Structures are given as C-alpha cells and as structure tokens.
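Listed in order, the protein sequences are those of chains A and B.
Quick note on UniProt numbering: the first sequence kicks off at 1 and runs consecutively.
Quick note on UniProt numbering: the second sequence kicks off at 1 and runs consecutively.
Take a look at the structure below.
There are 2 protein chains.
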Amino acid sequence: MSLMKSWVASANSADCPFPLNNLPYGVFETAELDPRCGVAIGDMILDCRAAEETGLIALADLPLFDVPFWNEVMEEGPDLWAALRARLIEILAEGSADQAAATALLVPQADAELHMPFLIAEYTDFYAGKNHAFNVGTMFRGPENALPPNWLHIPIGYNGRASSVVVSGTDVRRPWGQLKGPNDDAPRFAPCQRFDLELEMGAIVGTGSYGPITVQEADDNIFGYVLLNDWSARDIQAWEYQPLGPFQAKATATTISPWIVTKAALEPFRTDTPAREKELLPHLRDCGPMLYDIDLSVTLAPAGKMATTIAQTNYKEMYYSAAQQLAHHTTSGCPMNAGDLLGSGTISGAEKSERGSLLELSWGGQEPLELDTGETRSFLEDGDTLTLHGAAKGDGYTIGFGDCAGTVLAALDDPYKR
Amino acid sequence: MSLMKSWVASANSADCPFPLNNLPYGVFETAELDPRCGVAIGDMILDCRAAEETGLIALADLPLFDVPFWNEVMEEGPDLWAALRARLIEILAEGSADQAAATALLVPQADAELHMPFLIAEYTDFYAGKNHAFNVGTMFRGPENALPPNWLHIPIGYNGRASSVVVSGTDVRRPWGQLKGPNDDAPRFAPCQRFDLELEMGAIVGTGSYGPITVQEADDNIFGYVLLNDWSARDIQAWEYQPLGPFQAKATATTISPWIVTKAALEPFRTDTPAREKELLPHLRDCGPMLYDIDLSVTLAPAGKMATTIAQTNYKEMYYSAAQQLAHHTTSGCPMNAGDLLGSGTISGAEKSERGSLLELSWGGQEPLELDTGETRSFLEDGDTLTLHGAAKGDGYTIGFGDCAGTVLAALDDPYKR
C-alpha cells in the first residue's frame, strides 16, 4: 500500500509515524483542554470530543467521546470501527471538504500530555515467542529441555495485574521483594537486584465474548495494538514462581505506548506465522496470515547519557498470533471484555542482537552487554531510561506507535516509612 | 459476644444466619424493585437505596446507594464503614425509634433475587492452606518434597480472572480444554474429565493502596469476607500449568456467596494463625489474631437427589491470613483497588473428612468418595450441585454468609457451533 495524502502537511513525510494511513487513537490533555480522546495525524492531534460536539463526527446515537478513554468505541464493534476510520480518513484526506472545520480542532502534539488510551479491563501476558522461551528454558533447564512439553501445542499465558499497567513516560520505581539466592540459607526482603525489561506487543480486545470463540472470531474481536514493556524482577520471580507462576515479579509496572494502532492500519503488513513444528489442534490453527511485519527495537539510556540500541527484532518472530492467544483464552468459557490487554510475550529473534530482554542479552548476567557509552549492563540500573520503538514500513510511509518509555527510579530506602 | 436483639423477630433466633450482630451487605432485585444495595436482617432485607432516599441513612455528602454495588461504600474507608454499621444497628435494634420508618423498607428475602454484591476489580487466588498444599504436593512430588521451598516464607498466589467470578446460584458449564494424559502421544481438545471444587474464603479489598503496606494496614483495608468456590479443571491444569501457573483451568467460573460479611461482624471470632515453622520476615508477621473461627462445610447433591456433606473444616486452618496475603500482594508496589477479591486458597483440615477439594478427598481419583445416596465421586459429574456453607458461632447467635452454590451443566457438544 502507498501513502495516503493528508492536508496536514507533516503527515506526508515517509518517516512520519502518523500518516493518514495510520490514524492511531489516544487520550490527550493540554493546558486548555481536559483529558479527551484524540487521533494522531502528522505532528497534530484531532480533538475527537470537539469533533463530535461540533457534528464533524456523527456516527452513533450515543456520544462516543464524552469520556477520556476509547472503551466505548471498542464496545460498539467492528462496523462502527470501520465507519469511524472511514470518516476520519474523509475528514483528514487531501482535498477534504472538512479541512476548514477540522483545522480548528487540531492540537499540536508538542502541547499535549498523553494519558492511558483506554481502561484496562484485565491484563494477560503470554509466553509465545519461541526464541525467548528457548533462551530462558536453556538457561534454566539446558537446551535439551528448553521448551516445556506443552509449548508447541498451546500459547502459554498467565493473568497479570491490570492495575499496574501505565502509559509511556511514567517512571518505574525499582521494587522490593523477597529474594533468596541458591546458596542463601533463608530469604531476605530487599530491593530487586535483577530488574529487567521485556519487549512485547500488546493486543487490545475490542468486543467481549462469552464462551469459546474461533481464531477468526478472535481476530475480528481485536481492536488494535500497542508496544508493551513488561518490567520484570528476575530475582523475585526465581524465588516465588513455583508452583503457580510469576506474581509480584511482574506487578510493579507494565508500560504501554500511548497510541492504539488499529488493526485496520496494520492490515497491509499481515504475514504468516512460522512453520509449525507440531500440528496445532483445529481450534488453534491459523485462518490466514496472523502476524504483522513490524520492526521493533529497544534503546537504553543511562541517566543523562546517550541511548544505545540494545535489541532489534520484529513482531513476525512470534510463534502464536494475538488471535490464537485470544482464542485459547476463551476455551474454558472465560468471559472476555472490551479493554482486555494481551501481552504477546517477549519477542526475540534468532540472533543475539535480537533478544528482547536483558536476561537473554546478558545471558543471565554472565555476558554483560556493552553500551555505546562504554558502560556495561547485566540488568537495569537506577536512572536507566528504556524505550521501545515500533514501525511498519509501507510504500513511502511508516506506521508508528509512539515511544513506549520509562525511567527506573531508585528503590525506596524503607518501603514502610510513611 | 452475645446476641444483639432486633425488632425484626426472625433475626433473634440462635440459628438465624443474619442477626443484628451480622448485617451483611448484598445486592437484590424484586418484581417491583430494580437491583439495589440491601442489608440482610433475619429473613428480610433492608432496602438501602430507599433508606437513603427517605433520609433514614444520611452519612455522607455523596449518595452511597445510587448504584447496585457496594464499591462506593468500600472506597469511603473505615470511618464510613463504622458509621454505616452503627447507624444500621441503631435503626434495626430492639426499641429503635426508626422501627416504623424502617418497616416500610423491608423486603422478604423469599421475594428477592440476589446479584453480585460488588464489582470485582481484580481477582487473586492464593495457595495458603498448609494441609491442602501438603496434600497436593504429596500427590505430585511425594511427601518429602510436598511443600515448595518458598511456601513457609510467602503466601503463594497467582492472578485469577475477575470476569469469571459469579454469584451463588449461577450454573457452571463444564469446560472444554486441551488435555494430555501421561501416556498420550499428543494432546486433544475435549470436555474436562476432572472437574473439581475448591472450598475457600474470599477477602474483599475495601480501600485501595499504592506502594507496599504493612500487615496492619492491610487488615485495616479489608472490607469483608465471602465464601468462595474456585471451580478447577484438574486435567486442563496438569497440562497447562508449567511454567507460568494455572490459566484456563481456573477461568471457567469462581462462585462467591451473595452477602459480604463485614470485618466488624467477624471481630469476636478472631483467632491466631498456627505456630510458624519458619519465622516470617518482619513485613509479613502477624500483628494480632489474624484468622477467624468460622465453621465451613461443603455439600454435594447429585441431580434430583439428597445432598451429602463431603467436607467439614474451619477458616482457622489457614496458615496465612488475608491481611498477610494482601500485604505480600503490595510488596512490589502493585496498586490495589476497592473491589479486589483475594481467594484464601483451598482450606483443608488435617483429617480426610476435612479436605476442601475432591482432588484431595478422592486422592487424585484413587479413592472415590461415597455419597449418602450410595453413589461415588472421584470428580464432579454433570448435574451435581455444590454448596459451601459457613457459620461463626457466638453466644446465642450465628454469623452466616448465605449459601455459595452452583450446579454443573454438561459440556457443550460443540463449543464452536453457533
């Protein structure tokens, strides 16, 4: 697909993350405007609440934009999603009859503060990138037993903590937790020493479901995608995770990028999942190209210093698609709701430079990573800013997500001091 | 403590689960009244919305009862909770000046349908009953390695699925899932064959928190308690749970009793946790009697047949209290919200007749349980109605929770047939 031109000139550059082809959904605030839904176009944001109030957008009986989150749009379902996107393209396309009216409703991104784009209903995190699962399994169990026996048959996942999901730009405080090294007699309560990132994509459930749904129905239910960093306390996890899985190790924070990139904007980038090493059971089989060709990277900037790109990979490295994860999520009859967030699992490529976590990049701390500043990292240090970047490259245009960034703050001296 | 007398005569019987000492909070509906908050007293319900509208309850600037759930009361915090309870006792006590006004606002429980008493924010399930953990561990790993090394140091828990929590009386459909026996070459997708109950108590977080909180602060944050049955698909769980814990095995349904018994009503029944086999780290230590003396039992009634009591135990069999679980939940900085539900974990006593799951009662199916009907059970069969009962026995009075019941429906023939 090629660039669709907009009368917002900044949207027409091949490098702009927010061309007319994209139109991602966020929530913004300015000195004059209280938090509200908006659509990114070039270096501007179209104020959706104002567009609805002035009649520029008039799609449903109910107001869609009287609240500062996108859940009400999600709940309306795919027909409304398509109609909204079509109307936004009509308004913002070169030669639009609505240019004058819409110009008055544009806000510079530089003047806006971005908020969480939707209310997280519940948050599930998967483990569906094969290189990541293989690397972690090799470190813990050796290469012969790296993948658990179920891994090639089901997208393994666990329920995360929705209350801990934050938007890009939110600082992340290094957690305390119970730690016990293999040679320690007893555990101690102390600040995490092995704090890590996980490079993931997040899929957002747009319409709810009751009872099991097919992979195709699951794909239809997905509203859009964000970048996602699932901050992980490896030492807390090592002590707590048997037998019921990670808990406090994953509950400090999960950061998402501020713009929901719609499934429609990503359609031109669909690509197949990798060859199946074991045939999937029918209810989990692909129903077409299920992944997306999205370049992903992570940069790490020590406090006050330049950033180093520490990993580069692609969303097509996943073994299971978000639709397959969602279909699996419903097999037991588990009800799903608008605003449920599904983390893909850490995305790592085959090469060392393509690994999506410091645990893998430093091989459990045994091979510290060299930064361009000359420093090294086994795990995150206080003051480090981690930023995830994502881009799907079309013919003369780029679909971007906005940065997914967070800075590590030092642990509290005494977490119980009031 | 002895019975507090009410002018609602049915509340003054020693066996009535809802004396003036109790005053549990629910949400009810009748043919004439749409869903609203109410308080159980004897065999009646006091209509809280009407009580607020008529000025009988006037405690805060904001209306508390304009919504059919108790979350707004929870969010107000302990001072309001105490004031509301004091006012309800004043209204409903023998000799009350409000008797005439309140009589008009009473609805017979027999005419009411009960709904979920609160909006579940997030749901966490723990594994904090030692006999249960020991029994399950013995079955899977032998008695020498029954308890995981972390078990005596942290209340192990995992995040469950809030969307799957239902109120007593809701039927529970036997789930499908991916199953693989130890001798099977490959997994298959089929209805669960080892469907089970878990006898638990649920604690409800009343006020939210940010950052780690102490055990005392956690206790102060708890609003009340319900009975909880965490329906469990043991065969789905066995195949899926490594390495990240239970997922679809626990996502079909969790049933709670309809009345929130407040912490205040349970105060006379506080009791100590068991002796500690390993000293707890300071941030998890008891700050007083942390458990409650509550008799618990489970009955199983095959379709159309009499019920058999299959287990009898007590909440004081727990190793960790709900306050200790909540304190642990916040160690990483995990934000907690009003309406978060914490399952205690399965509560089993030391004796065989005190085990809170069929997995333990039938020892993994090796020792089928005999029912009073002459039938046997290793796991649940279609049509079985499971009911949890709870009662704290005071001097001439009983604190009850209302039944926590659900009937197992047959699995769908084809879960994807529309």
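Glycine is no exception: its CB is placed at the ideal position from the N, C-alpha and C atoms.
Keep in mind it's a predicted model, so treat the numbers as computed, not measured.
Practice task
Measure the Cβ-Cβ separation of residue 212(A) and residue 339(A) and say whether it is below 8 Å.
Solution key: In terms of Cβ geometry, residue 212(A) and residue 339(A) do not form a close pair [threshold 8 Å].
Problem - Whole-number beta carbon distance between residue 232(A) and residue 251(A), since they are thought to touch under 8 Å - result: Between residue 232(A) and residue 251(A) the Cβ distance is about 10 Å, and since that is not below 8 Å, they are no contact.
Exercise for the section: Using a cut-off of 9 Å between C-beta atoms, extract the partners of residue 153(A) located in chain B. Expected result: Result: 178, 180, 186, 187 and 239.
Problem - Cβ-based neighbour list, residue 127(A), same chain, cut-off 7 Å, excluding 5 preceding and 5 following - result: Here the set comprises 133, 156, 157 and 345.
Problem - Alpha-carbon to alpha-carbon, residue 88(A) and residue 56(A) - result: Distance between the alpha carbons of residue 56(A) and residue 88(A): 9 Å.
Practice task
Kindly provide the ranges of any beta strand (DSSP E) runs that are 3 or more residues long and lie completely inside the stretch 89-133 of chain A, ordered along the chain.
Solution key: Counting only runs of 3 or more, we get 106-108, 113-115 and 123-126.
Handout entry: Residues near residue 130(B) in its chain [Cβ-Cβ closer than 7 Å; skip 5 each side]
Key = Hits under 7 Å: 319.
Handout entry: For residue 386(A), the three-state DSSP class (helix, strand or coil)
Key = In this structure, DSSP gives residue 386(A) an extended state, which the three-state scheme calls strand.
Practice task
Pick out whichever of 15(B), 8(B) and 9(B) has its Cα sitting closest to the Cα of residue 399(B).
Solution key: The shortest CA-to-CA distance from residue 399(B) to any of 15(B), 8(B) and 9(B) is the one to 15(B).
Exercise for the section: Answer yes or no: do residue 225(A) and residue 203(A) have a C-beta to C-beta separation smaller than 8 Å? Expected result: In this structure, residue 225(A) lies near residue 203(A), with their beta-carbon atoms less than 8 Å apart.
Practice task
Determine the DSSP secondary structure at residue 465(B), reduced to helix, strand or coil.
Solution key: This structure cannot settle anything about residue 465(B), because the visible part of chain B is limited to 1 through 418.
Practice task
Report yes or no: is there a C-beta of chain A within less than 8 Å of the C-beta of residue 415(B)?
Solution key: Interface residue (Cβ-Cβ distance to chain A less than 8 Å): residue 415(B) is classified as such.
Practice task
Identify whether residue 366(B) lies in helix, strand or coil by the three-state DSSP scheme.
Solution key: Residue state, collapsed to three classes: coil.
Practice task
Count the CB pairs spanning the stretch 166-175 of chain A and the stretch 282-298 of chain A that are closer than 8 Å, and state whether there are at least three.
Solution key: With a cut-off of 8 Å, the stretch 282-298 of chain A and the stretch 166-175 of chain A do not count as touching, because too few Cβ pairs lie within range.
Exercise for the section: With DSSP as the reference, please indicate the residues paired to residue 191(B) in a beta bridge. Expected result: BP columns for residue 191(B) point to 176(B).
Problem - Member of 222(A), 51(A), 32(A) and 37(A) whose CA lies at the smallest distance from the CA of residue 105(A) - result: Ranking the options by Cα distance to residue 105(A), first place goes to 51(A).
Practice task
Give a yes or no on contact between the stretch 281-295 of chain A and the stretch 10-27 of chain B, applying the rule of three or more CB pairs nearer than 8 Å.
Solution key: Using a Cβ-Cβ distance cut-off of 8 Å, the stretch 281-295 of chain A and the stretch 10-27 of chain B are not in contact, since fewer than three pairs of beta carbons, one from each stretch, lie closer than that value.
Practice task
Please decide whether residue 40(B) counts as near chain A, where near means a Cβ-Cβ distance under 8 Å.
Solution key: No, because no Cβ of chain A sits closer than 8 Å to the Cβ of residue 40(B).
Handout entry: Within chain A, the residues that residue 122(B) reaches when beta carbons sit closer than 8 Å
Key = In chain order: 122, 161, 162 and 163.
Practice task
Taking only beta-carbon positions, decide if residue 236(A) is within less than 8 Å of chain B.
Solution key: Judged by the 8 Å Cβ criterion, residue 236(A) is in contact with chain B.
Exercise for the section: Determine, using beta carbons only, whether residue 287(B) comes closer than 8 Å to chain A. Expected result: No, no contact with chain A.
Practice task
Taking all protein chains shown into account, decide if residue 354(A) is buried (16 or more other Cβ within 10 angstroms of its Cβ) or exposed.
Solution key: By the beta-carbon neighbour count (other beta carbons within 10 angstroms, threshold 16), residue 354(A) is buried.
Practice task
Inspect the CB distances between the stretch 145-155 of chain A and the stretch 173-184 of chain A and report whether three or more fall short of 8 Å.
Solution key: No, they do not touch.
Exercise for the section: Give me the Cα-Cα distance between residue 289(B) and residue 273(B), rounded to the nearest whole angstrom. Expected result: So the two alpha carbons sit approximately 7 Å from each other.
Practice task
Taking C-beta pairs closer than 9 Å, name the residues in chain B that residue 221(A) reaches, listed in chain order.
Solution key: Simply none; closest approach about 14 Å.
Handout entry: Test item: CB-CB of residue 368(B) and residue 378(B) under 8 Å
Key = A contact, by the Cβ cut-off of 8 Å.
Exercise for the section: Just the C-alpha distance for residue 417(B) and residue 221(A), rounded to the nearest angstrom, thanks. Expected result: If I take the Cα positions, the gap works out to 18 Å.
Exercise for the section: Please compile the residues from chain B whose C-beta is within a distance smaller than 8 Å of the C-beta of residue 281(A). Expected result: Those are 178, 187, 188 and 189, listed as they occur along chain B.
Problem - Residue from 60(B), 312(B) and 261(B) whose Cα sits closest to the Cα of residue 402(B) - result: For residue 402(B), the closest alpha carbon among the candidates 60(B), 312(B) and 261(B) is that of 261(B).
Exercise for the section: Out of 326(A), 317(A), 90(A) and 187(A), point me to the one whose CA is closest to residue 348(A)'s CA. Expected result: When C-alpha distances from residue 348(A) are compared across 326(A), 317(A), 90(A) and 187(A), the shortest belongs to 317(A).
Handout entry: Residue-level contact to chain A via CB, residue 143(B), 8 Å cutoff
Key = It does not; no Cβ of chain A falls within 8 Å.
Exercise for the section: Please list the partners that residue 256(B) has in chain A, where partner means a Cβ-to-Cβ separation under 7 Å. Expected result: Under the 7 Å cutoff, chain A gives no residues; its nearest Cβ is about 15 Å from residue 256(B).
Problem - For residue 226(A), the first and last residue of its enclosing beta strand (DSSP E) - result: Following the DSSP letters along the chain, one finds residue 226(A) inside the beta strand (DSSP E) bounded by residues 222-230.
Exercise for the section: To the nearest angstrom, report how far apart residue 415(B) and residue 96(B) are at their CA atoms. Expected result: Cα to Cα, the separation comes out at about 56 Å.
Exercise for the section: Counting only the same chain and skipping the five closest in sequence on each side, list residues whose C-beta sits under 8 Å from that of residue 111(B). Expected result: Closer than 8 Å at Cβ, skipping near neighbours: 30 and 31.
Practice task
Consult DSSP for residue 140(B) and reduce its assignment to one of helix, strand or coil.
Solution key: Helix, per DSSP.
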